[in-house]
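Visitor: So the sequences go chain by chain: B and S. The opening position of the first sequence corresponds to residue 1 in the UniProt record's numbering, with each subsequent residue numbered one higher. The opening position of the second sequence corresponds to residue 1 in the UniProt record's numbering, with each subsequent residue numbered one higher. For reference, the structure I am asking about is given below.
2 protein chains.
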Amino acid sequence: MIGRRPGRSTTRDELVEAARHEFAERGVEGATTRRIAARAGVDPGMIRHHFGSKAGLWQAVLELPFDPFRLAAPVRHAPPEEVGRVLVSTMLDLWEGPLGVGFRAMLRSAVQDPGYADGIRQFLLSRAIMPVVRRVAPESRDGEPDPERLAQRASLAASQVIGLIMARYFLRLEPLASADHEWVVAHVAPTVQHYLTGPIVDDRNE
Amino acid sequence: MIGRRPGRSTTRDELVEAARHEFAERGVEGATTRRIAARAGVDPGMIRHHFGSKAGLWQAVLELPFDPFRLAAPVRHAPPEEVGRVLVSTMLDLWEGPLGVGFRAMLRSAVQDPGYADGIRQFLLSRAIMPVVRRVAPESRDGEPDPERLAQRASLAASQVIGLIMARYFLRLEPLASADHEWVVAHVAPTVQHYLTGPIVDDRNE
DNA sequence: GCCGAAATTCACCATGCGGTGAATAATGCG
DNA sequence: CGCATTATTCACCGCATGGTGAATTTCGGC
Chain B
1 MIGRRPGRST TRDELVEAAR HEFAERGVEG ATTRRIAARA GVDPGMIRHH FGSKAGLWQA
61 VLELPFDPFR LAAPVRHAPP EEVGRVLVST MLDLWEGPLG VGFRAMLRSA VQDPGYADGI
121 RQFLLSRAIM PVVRRVAPES RDGEPDPERL AQRASLAASQ VIGLIMARYF LRLEPLASAD
181 HEWVVAHVAP TVQHYLTGPI VDDRNE
Chain S
1 MIGRRPGRST TRDELVEAAR HEFAERGVEG ATTRRIAARA GVDPGMIRHH FGSKAGLWQA
61 VLELPFDPFR LAAPVRHAPP EEVGRVLVST MLDLWEGPLG VGFRAMLRSA VQDPGYADGI
121 RQFLLSRAIM PVVRRVAPES RDGEPDPERL AQRASLAASQ VIGLIMARYF LRLEPLASAD
181 HEWVVAHVAP TVQHYLTGPI VDDRNE
């Protein structure tokens, strides 16, 4: 039956929701507009009508999770000696909250396409990790920051956090995948804390 | 020009080599038979002739890297107190050696498709990590092994190793992505070593 | 030197993709 | 009420995909 439906339309929101899941499950290239539309129970043409194209849909999906400053507030205000615990705990909350499916879509696409990986890396460093490192690293409090050292801490901490996410949410390695937050924080946070604020041995400069 | 070429044919090997790279760069779904054939400089029909189908090519690509026992020999014979260093060092060698491109294809596909993820997880645990953990974990030497504790160590160590690989080879987080092996081992190995042989605090059982 | 097997290319096919343009029905503002 | 706007479906298009069948050439054992 052609033509507009009676009542207020929720199609746009339902498309975004369906796309969020499809992108998360199959990646941005693997997801198809036809599947997304079918999941939302509407005609594929609605994607063009509401978003112009598949890329427009992808942008709409990314809009919600991209409020990192508000989301990472707990990390930005944690005392330096507890930043590891708070970071890991916040990460778990975010990935298991309603926005997690959007994050999964982002990471999946980053692995799929090097172009996306560039964007994610930039976002991760400039918005998520570096601000934290710059604030809590011991070098920062001793006057001279030494950006190289800060970048080392950032990439090392990120490697553990990303590994946690990969192991827990993608590869589903047990028992890490099913362990409760307390257990994960208790075991992984010390590593992150060490990378962020512990002594860093630099064998190249000595 | 139709018909067989003079001389001995290297097409099959060239197809596998081209496929290895294409799969690594785009994932098993993202790679196309036409691109692979073009990269190898042959007709797409050769894939059917030599491997039957795209899936057959994928299997051929996986054959080489699947000799984990020989590859991980250094890890299997490392003294327990150095297993972290040896594991990380061997991992770097493998991922940057000729087989690395095959590993990248595997991990990329694991993230792309949950079905592949199951296979990779099984392989990782049963063939790569668990044997090492079972050998070096302090519990193993005190009589009763406690499989749950061993699995905890395995998943935690795997999370750091996978995170290292993701950060270095996929997201290319600097300086971790360009650092030499010594530096990476010096900074990451202690974490892995701790997960494998250090004290594990289990807050749930006390 | 013959002849079956292997190697290679070519011309297609059905399918699914993202996207386009038009037709139709309900909404909501004046 | 009247009418522009919006929402929705439909019938297509061009393209790329993986795959098929046949034709053609060389290789290698006898």
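From the three backbone atoms N, C-alpha and C, an ideal C-beta is built for every residue, glycine too. Only a predicted model underlies this, so the values are computations on that prediction, with no experimental measurement involved.
Within its chain, find whatever has a CB closer than 6 Å to the CB of His77(S); leave out the 5 residues flanking it on each side and keep chain order.
Guide: If you number the second sequence from 1, residue 77(S) lands on position 77. If we look at His77(S) and ignore the five residues flanking it on each side, it has no Cβ neighbours.
Visitor: State whether the region 149-160 of chain B contacts the region 173-184 of chain B, with contact taken as three or more CB pairs (one from each stretch) at a distance under 8 Å.
Guide: Short answer: they don't touch.
Visitor: For Ile120(S), go through chain B and note every residue whose CB falls closer than 8 Å to its CB, in chain order.
Guide: Within the second sequence, residue 120(S) is the residue found at index 120, counting from 1. Going along chain B in sequence order, the residues near Ile120(S) (Cβ under 8 Å) are Leu171.
Visitor: Is Gly100(S) closer than 7 Å to Arg20(S) when the C-beta atoms are compared?
Guide: Here residue 20(S) is taken as the residue at index 20 of the second sequence, counted from 1. Here residue 100(S) is taken as the residue at index 100 of the second sequence, counted from 1. Not in contact: Arg20(S) and Gly100(S) (Cβ atoms no closer than 7 Å).
Visitor: Assign Met91(B) to one of two classes, buried (16 or more other C-beta atoms within 10 Å of its C-beta) or exposed (fewer than that).
Guide: Taking the first residue of the first sequence as 1, we reach residue 91(B) at position 91. Under this definition Met91(B) is a buried residue.
Visitor: DSSP on Thr32(S), reduced to helix/strand/coil?
Guide: By 1-based counting over the second sequence, the position of residue 32(S) is 32. Three-state DSSP puts Thr32(S) in coil, outside helix and strand.
Visitor: Rounded to whole angstroms, what is the Cα-Cα separation between Val86(B) and His194(S)?
Guide: The residue you call residue 86(B) lines up with position 86 of the first sequence. The residue you call residue 194(S) lines up with position 194 of the second sequence. The alpha-carbon atoms of Val86(B) and His194(S) are separated by roughly 21 Å.
Visitor: Given a cut-off of 7 Å on the beta-carbon distance, is the pair Val88(S) and Val16(S) in contact?
Guide: As a position in the second sequence, residue 88(S) is number 88, starting the count at 1. As a position in the second sequence, residue 16(S) is number 16, starting the count at 1. Going by C-beta atoms, Val88(S) is not nearer than 7 Å to Val16(S).
Visitor: For Arg121(S) and Val111(S), what's the separation of their Cα atoms in angstroms?
Guide: For this step, residue 121(S) is matched to residue 121 along the second sequence. For this step, residue 111(S) is matched to residue 111 along the second sequence. Roughly 11 Å separates the two Cα atoms.
Visitor: Can you tell me which of the three DSSP states Ser9(S) falls into?
Guide: Indexing the second sequence from 1 puts residue 9(S) at position 9. Looking at Ser9(S) - three-state DSSP - the assignment turns out to be coil, as it is neither helix nor strand.
Visitor: Using only alpha-carbon positions, find the residue among Ile47(B), Gln152(B), Ala128(B), Arg104(B) that is nearest to Glu25(B).
Guide: Mapped onto the first sequence, residue 25(B) falls at position 25. Closest by alpha carbon: Arg104(B).
Visitor: For the alpha helix (DSSP H) containing Ala117(B), list its first residue and its last residue.
Guide: Taking the first sequence and counting its residues from 1, one reaches residue 117(B) at position 117. Per DSSP, Ala117(B) belongs to the alpha helix (DSSP H) from 114-123.
Visitor: Decide if His187(S) is buried, meaning its Cβ has at least 16 other Cβ atoms within 10 Å, or exposed.
Guide: On the second sequence, position 187 is the one that residue 187(S) refers to. Buried.
Visitor: Note the first and the last residue of the continuous alpha helix (DSSP H) segment covering Pro131(B).
Guide: Taking the first residue of the first sequence as position 1, residue 131(B) is located at position 131. Unbroken alpha helix (DSSP H) run through Pro131(B): 130-136.
Visitor: Near Leu164(B), which residues of its chain fall below 8 Å by C-beta distance, leaving aside the five closest residues on each side in sequence?
Guide: Numbered from 1 along the first sequence, position 164 holds the residue referred to as residue 164(B). Once the five neighbours on either side are set aside, the close Cβ partners of Leu164(B) are Val88, Met91, Leu176, Val184, Val188.
Visitor: Might you give, ordered along the chain, the residues of its own chain that have their beta carbon closer than 8 Å to the beta carbon of His181(B), omitting 5 neighbours on each side?
Guide: As a working note, residue 181(B) is residue 181 in the first sequence. Only Ser89, Leu92, Asp93 meet the Cβ criterion.
Visitor: So, with DSSP's three-state summary, where would you put Leu62(S)?
Guide: For the purposes of this step, residue 62(S) is taken as the residue at position 62 of the second sequence. Correct three-state label for Leu62(S): helix.
Visitor: 7 Å is my cut-off, CB to CB: does Arg108(B) come that close to chain S?
Guide: For the purposes of this step, residue 108(B) is taken as the residue at position 108 of the first sequence. Judged by the 7 Å Cβ criterion, Arg108(B) is in contact with chain S.
Visitor: When you compare the CB of Thr191(B) with every CB in chain S, is at least one pair closer than 7 Å?
Guide: As a position in the first sequence, residue 191(B) is number 191, starting the count at 1. Thr191(B) counts as touching chain S.
Visitor: Determine, using beta carbons only, whether His77(B) comes closer than 7 Å to chain S.
Guide: Numbered from its first residue, the first sequence carries residue 77(B) at position 77. It does not: the Cβ of His77(B) has no partner Cβ on chain S nearer than 7 Å.
Visitor: Going by the beta-carbon positions, is the gap between Pro44(S) and Ala55(S) smaller than 7 Å?
Guide: Counting from one through the second sequence, the residue named residue 44(S) turns up at place 44. Counting from one through the second sequence, the residue named residue 55(S) turns up at place 55. Contact flag unset, no.
Visitor: Could you give the DSSP three-state label for Val83(S): helix, strand or coil?
Guide: If you number the second sequence from 1, residue 83(S) lands on position 83. Three-state DSSP puts Val83(S) in a helix.
Visitor: From Asn205(S) to Arg153(S), what distance separates their C-alpha atoms?
Guide: Along the second sequence, one-based indexing puts residue 205(S) at 205. Along the second sequence, one-based indexing puts residue 153(S) at 153. Reliability of the predicted coordinates at Asn205(S) is poor, the pLDDT of 37 falling under 50, and the value obtained from them is presented with this limitation in mind. One C-alpha to the other measures close to 16 Å.
Visitor: Taking only beta-carbon positions, decide if Ala55(S) is within less than 7 Å of chain B.
Guide: Residue 55(S) sits at position 55 when you count from the first residue of the second sequence. Taking Cβ atoms only, chain B never reaches closer than 7 Å to Ala55(S), which makes this a no.
Visitor: If I follow the unbroken alpha helix (DSSP H) through Ser155(B), where does it start and stop?
Guide: Numbered from its first residue, the first sequence carries residue 155(B) at position 155. Run containing Ser155(B): 147-165, per the alpha helix (DSSP H) assignment.
Visitor: Let me know if Glu63(S) comes out buried or exposed under the rule of 16 or more other beta-carbons within 10 Å of its beta-carbon.
Guide: Here residue 63(S) is taken as the residue at index 63 of the second sequence, counted from 1. Glu63(S) should be labelled exposed.
Visitor: Could you have a look at Met1(B) and say whether DSSP puts it in helix, strand or coil?
Guide: Translated into positions along the first sequence, residue 1(B) becomes position 1. Looking at Met1(B) - three-state DSSP - the assignment turns out to be coil, as it is neither helix nor strand.
Visitor: Step through the CB atoms of chain B and report whether any lies within less than 7 Å of the CB of Ala31(S).
Guide: On the second sequence, position 31 is the one that residue 31(S) refers to. Not closer than 7 Å to any Cβ of chain B, the Cβ of Ala31(S) fails to qualify, so no.
Visitor: Rounded to whole angstroms, what's the CA-CA distance from Arg35(B) to Glu148(S)? Just pull it up for me.
Guide: In the first sequence, counting from the first residue as 1, residue 35(B) sits at position 35. In the second sequence, counting from the first residue as 1, residue 148(S) sits at position 148. Answer to the nearest angstrom: the Cα atoms are 41 Å apart.
Visitor: Can you check whether the C-beta of Ser9(S) is within less than 7 Å of a C-beta belonging to chain B?
Guide: Residue mapping note: residue 9(S) aligns to position 9 of the second sequence, counting from 1. Taking Cβ atoms only, chain B never reaches closer than 7 Å to Ser9(S), which makes this a no.
Visitor: Name the chain S residues that come within less than 7 Å of Ala151(B), Cβ to Cβ?
Guide: On the first sequence, residue 151(B) is found 151 positions in, with the first residue counted as 1. In chain order: Glu174, Pro175.
Visitor: Please report the distance separating the alpha-carbon of Phe51(S) from that of Gln59(S).
Guide: Within the second sequence, the letter at position 51 stands for residue 51(S). Within the second sequence, the letter at position 59 stands for residue 59(S). The straight-line gap from Cα to Cα measures roughly 9 Å.
Visitor: Compare the C-beta of Val111(B) against all C-beta atoms of chain S and say whether one is closer than 7 Å.
Guide: Against the first sequence, residue 111(B) aligns to sequence position 111. It does: the Cβ of Val111(B) has a partner Cβ on chain S nearer than 7 Å.
Visitor: Do you know how far the Cα of Ile47(B) is from the Cα of Pro199(B)?
Guide: As a position in the first sequence, residue 199(B) is number 199, starting the count at 1. As a position in the first sequence, residue 47(B) is number 47, starting the count at 1. Roughly 52 Å between the two C-alpha positions.
Visitor: Quick one: which residues of the region 158-170 of chain S get their C-beta closer than 9 Å to a C-beta of chain B? List them in chain order.
Guide: Cβ contacts with chain B come from Ala158, Ser159, Gln160, Val161, Ile162, Gly163, Leu164, Ile165, Met166, Ala167, Arg168, Phe170.
Visitor: Should Ser155(B) be labelled buried (16 or more other beta-carbon atoms within 10 Å of its own) or exposed?
Guide: Stepping through the first sequence from its first residue, residue 155(B) is reached at position 155. Buried is the call here.
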